[in-house]
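Have a look at the structure below, then the notes.
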Amino acid sequence: MTAGVLDGRRVLVTGASSGIGEATVRACAAAGARVAGLARRTQRLRVLADEVGAAAVTADVTDAGSARAGVDEAAAALGGLDAVVNNAGALSVATVAEGDPEDWKRMLDVNVFGLLVITQAALPHLRSAGRGDVVNMSSMSGRRVPNAASGVYAATKHAVHAITEGLRRELHPDGIRVSVVAPGLVATDLAAGAPATAARDRLAGLQADIGLAPADVARQIVRILSEPPHVAVHEVALLPTDQG
Numbered sequence: 004m005t006a007g008v009l010d011g012r013r014v015l016v017t018g019a020s021s022g023i024g025e026a027t028v029r030a031c032a033a034a035g036a037r038v039a040g041l042a043r044r045t046q047r048l049r050v051l052a053d054e055v056g057a058a059a060v061t062a063d064v065t066d067a068g069s070a071r072a073g074v075d076e077a078a079a080a081l082g083g084l085d086a087v088v089n090n091a092g093a094l095s096v097a098t099v100a101e102g103d104p105e106d107w108k109r110m111l112d113v114n115v116f117g118l119l120v121i122t123q124a125a126l127p128h129l130r131s132a133g134r135g136d137v138v139n140m141s142s143m144s145g146r147r148v149p150n151a152a153s154g155v156y157a158a159t160k161h162a163v164h165a166i167t168e169g170l171r172r173e174l175h176p177d178g179i180r181v182s183v184v185a186p187g188l189v190a191t192d193l194a195a196g197a198p199a200t201a202a203r204d205r206l207a208g209l210q211a212d213i214g215l216a217p218a219d220v221a222r223q224i225v226r227i228l229s230e231p232p233h234v235a236v237h238e239v240a241l242l243p244t245d246q247g
């Protein structure tokens, strides 16, 4: 990764306390950006922020008031915003017959509602900057449904793709680029932290065995943000070679 490619950029990353979000904070900071990490887990976030010189913002993307306040706090800490990376995510892997409605609601609240509220709150700051980027974290499951147990999760990620396309049309006149990143298996704790099912355990095992490193995904996000203003990256889809 080239140091300095994001010099002067002010980047907000949600879901920043672990996994892809943590890796993205590290990668953007290493590339020269001023970064704010937003998450619910305050202690983990502060440790990360201290290590890389980022701003730590404690907020819950499923609470509209908390999310809006968090975005404004990040913008104040950074002196504005040039980019927002909507990375916060929730996962449950179960068939509809076996699923818990509370798990469905949690996925919708984090993966869809949270992305919308964070983006809406960030737009005035991005418009003030004159141009900017919105990067939405989806999944290969947002491009196809991998199995029956992943259907509801995949639905939330299909929604991310649809919202991204709508935002791209909406924000094009403002010079704000909108991109979606769709990784396959990644070695994070997302599945391990999901409600226990046999399908969850299989997924967690595959993530650990063949998953991409979170830094692999973060590197693509830095690339998107570092493209010159006349280049818009609509989608990056990536998966481990062993995923097949």
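To convert, take the position in the sequence shown, counting from 1, and add 3; that gives the working numbering. Here a beta-carbon is modelled for each residue, glycine too, at the ideal position from N, C-alpha and C. The structure presented is a predicted model; accordingly, all values stated were derived computationally and were not measured.
Note on geometry: alpha-carbon atoms of Ile224 and Glu76 lie some 23 Å from one another.
Contact fails between the region 41-59 and the region 234-241, because fewer than three Cβ pairs, one in each stretch, are under 8 Å apart. Secondary structure at Gly24: helix, using DSSP grouped into helix, strand and coil. Residue environment analysis places Thr122 among the buried positions, since at least 16 neighbouring C-beta atoms fall within 10 angstroms of its C-beta. Assigned with DSSP and collapsed to three states, Asp63 falls in coil, not helix or strand. Put simply, of Thr17, Arg134, Ala59 the residue whose alpha carbon is nearest the alpha carbon of Ala79 is Ala59. Annotation: Asp219 to His233 spans about 25 Å, alpha carbon to alpha carbon.
The three-state reading of DSSP puts Leu15 in strand, counting E and B together. Rounded to whole angstroms, the gap between the alpha carbons of Ala162 and Thr191 is 22 Å. Between the region 192-199 and the region 79-98 there are three or more C-beta pairs closer than 8 Å, enough to call the two in contact. Under the DSSP assignment, Ala201 falls outside any beta strand (DSSP E), being part of the alpha helix (DSSP H) whose first and last residues are 201-213. Under the three-state reduction of DSSP output, Glu168 falls in the helix class. Take Gly18, set aside five residues on each side of it, and the residues of its chain with a beta-carbon closer than 7 Å to its own are Gly24, Ala42, Asn90, Ala91, Gly92, in chain order. Boundaries for Leu118: no beta strand (DSSP E) harbours it, while the alpha helix (DSSP H) harbouring it runs 118-132, taken from the DSSP string. Looking at the DSSP output, Asp136 sits in a beta bridge with Ala86, Arg180. Residue nearest to Ala202 within the set Gly154, Ser21, Ala62 is Gly154 (criterion: CA-CA distance).
With contacts defined by Cβ atoms closer than 8 Å, His128 and Gly178 do not form a contacting pair. Leu174 sits in a helix when the DSSP states are folded into three classes. In the DSSP annotation of this structure, the continuous segment of the beta strand (DSSP E) that includes Ala42 starts and ends at 37-42. Thr244 sits exposed, since fewer than 16 C-beta atoms from the chains shown fall within 10 Å of its C-beta. Taking the C-beta atoms as reference points, Ser141 is found nearer than 8 Å to Lys160. Bounds of the beta strand (DSSP E) holding Ala240 are 238-241. In the structure shown, the three-state DSSP call for Pro198 is coil.
Counting the other CB atoms within 10 Å of its CB gives Thr5 a total below 16, which places it among the exposed residues. Minimum Cα-Cα distance from Arg146 among the listed residues Ala152, Val184, Ala62, Asp112 corresponds to Val184.
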